[in-house]
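Written below as structure tokens is the structure these notes are about.
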Amino acid sequence: MPPSPFSTSTTSDYTVTTVATRKTSARYRVIGQRSNSPSPIAPATHGKWRIKNSRGLKIVQSAELNGLPWLIHGFSTRPGGASKLAAERVLNLGFTDWDEGKTVQQNRDKFQKALGTKDFALIPLRQIHSAVIHPFESAPAQHCPGDASISNRSGLLLATQTADCVPILLVDPRSRAIAAIHAGWKGTLNRIAQKTAGEMRKHFGSNPKNLLAAIGPAIGGCCYEVGTEIAANFLSQFANAPEWFDEFRTGDEPNPVQWLNMKPPGHQPPPQSLLLDLRKANRAQLVDAGLQPQNIFVSDLCTACRRDLFFSHRKEAGHTGRHMSVVGISN
Ligand SMILES: [Zn+2]
Numbered sequence: 001m002p003p004s005p006f007s008t009s010t011t012s013d014y015t016v017t018t019v020a021t022r023k024t025s026a027r028y029r030v031i032g033q034r035s036n037s038p039s040p041i042a043p044a045t046h047g048k049w050r051i052k053n054s055r056g057l058k059i060v061q062s063a064e065l066n067g068l069p070w071l072i073h074g075f076s077t078r079p080g081g082a083s084k085l086a087a088e089r090v091l092n093l094g095f096t097d098w099d100e101g102k103t104v105q106q107n108r109d110k111f112q113k114a115l116g117t118k119d120f121a122l123i124p125l126r127q128i129h130s131a132v133i134h135p136f137e138s139a140p141a142q143h144c145p146g147d148a149s150i151s152n153r154s155g156l157l158l159a160t161q162t163a164d165c166v167p168i169l170l171v172d173p174r175s176r177a178i179a180a181i182h183a184g185w186k187g188t189l190n191r192i193a194q195k196t197a198g199e200m201r202k203h204f205g206s207n208p209k210n211l212l213a214a215i216g217p218a219i220g221g222c223c224y225e226v227g228t229e230i231a232a233n234f235l236s237q238f239a240n241a242p243e244w245f246d247e248f249r250t251g252d253e254p255n256p257v258q259w260l261n262m263k264p265p266g267h268q269p270p271p272q273s274l275l276l277d278l279r280k281a282n283r284a285q286l287v288d289a290g291l292q293p294q295n296i297f298v299s300d301l302c303t304a305c306r307r308d309l310f311f312s313h314r315k316e317a318g319h320t321g322r323h324m325s326v327v328g329i330s331n
């Protein structure tokens, strides 16, 4: 019998705190709603999420993935690094134009040490908002262009970099295989999460029914405004797309999602912009791929709402750091 992915690890050398979720801002609540009632577009949390404090860093982790003793994973956060962003010290893990390469490398080393993966080969990709998926048996000589990586080899640390986009980690507890996925709106539209589950089946014989998925901190449906042309793209591709969008509202609209549900859209002037819940879209895609809903764990931490913890490309007008979300097999 493989170990249960749902048991909680009892050995740890770090302190663990439960992630505190802040209430969504009142800006997009419908006027007239009771102030203590949940926002209609608040993302649902699935699974248990923790913040691991290690070597001065805070690392977001899924408790369910932590239950696998051979697996190491983590979603990095903003505080604790050597990079200087305005007057703040931050853990920038991406080679951005405002930061020095050696500082980023120093941050990456610190992050790997904090996770206990100092000797792992870190494998980031040259991300291009595609649905290109790379299988790795060893670390490549240079960064491959693409947005997802898969492996069943130990000692490799698959990595995806984000600053609002959705980081997704997939794990097959049966065949001991892993994946790291970068899903922005383009990758989501190109079904990168669904395709990665397919690649795991092709390369490792992974049955999607056994796969576990951790969808990490990303910009939430509370903050991610997109134009109606993006909404139209999603509506043309996915039957359940109306469930992932909401109108940016003032509270005066008689039927806020009417535009989305009309077929064809355009019988009344469309809204200027809409709110897209990318995590919800990716969760739906993974269910379509055959994953069991109870095996998909979704963090509800919004990178734009929680700038004490995260970088937000949108909220910081592009001048910010990058998180790294990693997964590896330890033996
Ligand atoms: Zn938000």
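The numbering of the sequence shown is our numbering, which starts it at 1 and goes up by one. Backbone N, C-alpha and C fix where the C-beta goes; we use that ideal spot for every residue, glycine too.
| Listed in chain order, which residues are found with a beta carbon closer than 5 Å to a heavy atom of ligand 1? | Gly220, Cys222, Cys223, Cys302, Ala304 and Cys305
| query | Residue range of the alpha helix (DSSP H) that Phe111 falls in? | reply | Here residue 111 corresponds to residue number 111 of the sequence shown, with the count starting at 1. Taken as a continuous stretch (DSSP letters only), the alpha helix (DSSP H) holding Phe111 covers Gly101 to Ala114.
| Based on Cα-Cα distance, which residue from Pro69, Phe95 and Leu115 lies nearest to Val326? | Indexing the sequence shown from 1 puts residue 326 at position 326. The option with the nearest alpha carbon to Val326 is Leu115.
| message | For the alpha helix (DSSP H) containing Thr188, name the first residue and the last one. | response | As a first step, residue 188 must be located in the sequence shown, where it is residue number 188. Where Thr188 is concerned, the enclosing alpha helix (DSSP H) stretches over Trp185 to Leu189.
| request: Sort Leu276, Ala218 and Ala214 by Cα distance to Phe311 and report the nearest one. | output: Position 311 of the sequence shown, counting from 1, holds the residue named residue 311. The candidate whose alpha carbon is nearest that of Phe311 is Ala218.
| Does the Cβ-Cβ distance between Gly47 and Leu157 come in under 8 Å? | Within the sequence shown, residue 47 is the residue found at index 47, counting from 1. Within the sequence shown, residue 157 is the residue found at index 157, counting from 1. Their beta carbons are not under 8 Å apart, which means Gly47 does not touch Leu157 by this criterion.
| Beta-carbon proximity check, Gln161 vs His182, cutoff 8 Å | Taking the sequence shown and counting its residues from 1, the one referred to as residue 161 is at position 161. Taking the sequence shown and counting its residues from 1, the one referred to as residue 182 is at position 182. Yes, Cβ-Cβ distance for Gln161 and His182 is below 8 Å.
| query | DSSP state of Gly198, grouped into three classes? | reply | Here residue 198 refers to the residue found at position 198 when the sequence shown is read from its first residue. Gly198 falls in the helix class under three-state DSSP.
| field | Backbone CA spacing between Gln272 and Val226 [nearest angstrom] | value | Residue 272 sits at position 272 when you count from the first residue of the sequence shown. Residue 226 sits at position 226 when you count from the first residue of the sequence shown. Approximately 9 Å between the Cα atoms of the pair.
| When the Cα of Pro380 is compared with those of Pro208, Leu68 and Trp70, which residue comes out closest? | Since the first residue shown for the chain is 1 and the last is 331, residue 380 is missing from the structure and cannot be characterised.
| request: Kindly list the residues whose CB is nearer than 6 Å to the CB of Phe297, restricted to its own chain and excluding five residues on each side of it in sequence; keep chain order. | output: Taking the first residue of the sequence shown as 1, we reach residue 297 at position 297. Counting only Cβ-Cβ distances below 6 Å, and skipping sequence neighbours, we find His46, Gly47, Ser62, Glu64 and Ala214.
| request: Give me the Cα-Cα distance between Arg126 and Ser149, rounded to the nearest whole angstrom. | output: Sequence index remark: in the sequence shown, residue 126 carries index 126 (1-based). Sequence index remark: in the sequence shown, residue 149 carries index 149 (1-based). Going by the C-alpha atoms only, they are around 11 Å apart.
| message | On the DSSP letters alone, give me the boundaries of the beta strand (DSSP E) that Phe136 sits inside. | response | Start at 1 with the first residue of the sequence shown, and residue 136 comes out as number 136. Per DSSP, Phe136 belongs to no beta strand (DSSP E) and is neither H nor E.
| field | From Leu274, Thr303, Ala304 and Ala241, residue whose alpha carbon lies closest to that of Asn282 | value | Residue numbering aside, residue 282 sits at position 282 when the sequence shown is read from its first letter. Out of Leu274, Thr303, Ala304 and Ala241, Ala241 has the C-alpha closest to the C-alpha of Asn282.
| field | Beta-carbon proximity of Leu57 to Lys118, cut-off 8 Å | value | On the sequence shown, residue 57 is found 57 positions in, with the first residue counted as 1. On the sequence shown, residue 118 is found 118 positions in, with the first residue counted as 1. No, the Cβ-Cβ distance between Leu57 and Lys118 is not below 8 Å.
| task | Express the C-alpha separation of Asp277 and Asn92 in angstroms, rounding to a whole number. | result | Taking the sequence shown and counting its residues from 1, one reaches residue 92 at position 92. Taking the sequence shown and counting its residues from 1, one reaches residue 277 at position 277. The straight-line gap from Cα to Cα measures roughly 25 Å.
| query | Under a three-way DSSP split, which group does Pro145 fall into? | reply | By 1-based counting over the sequence shown, the position of residue 145 is 145. Three-state result, Pro145: strand.
| Boundaries (first-last residue) of the alpha helix (DSSP H) holding Leu286 | Residue numbering aside, residue 286 sits at position 286 when the sequence shown is read from its first letter. Segment Leu278 to Asp288, the alpha helix (DSSP H) holding Leu286.
| Out of curiosity, what's the CA-to-CA distance linking Ala180 and Pro167? | Residue numbering aside, residue 180 sits at position 180 when the sequence shown is read from its first letter. Residue numbering aside, residue 167 sits at position 167 when the sequence shown is read from its first letter. The straight-line gap from Cα to Cα measures roughly 7 Å.
| For Ile150, three-class secondary structure by DSSP | For the purposes of this step, residue 150 is taken as residue 150 along the sequence shown, with counting starting at 1. Ile150: strand per DSSP, three-state reduction.
| message | Based on DSSP bridge pairs, tell me the residues matched to Leu85. | response | The residue given as residue 85 occupies position 85 in the sequence shown. BP columns for Leu85 point to Glu88.
| task | May I ask which residues mark the beginning and end of the alpha helix (DSSP H) holding Ala232? | result | The count along the sequence shown starts at 1 and reaches residue 232 at position 232. Start and end: Thr228 to Gln237.
| task | From the DSSP output, read off the bridge partner residues of Thr162. | result | For the purposes of this step, residue 162 is identified with residue 162 of the sequence shown, where counting begins at 1. Partner(s): His323.
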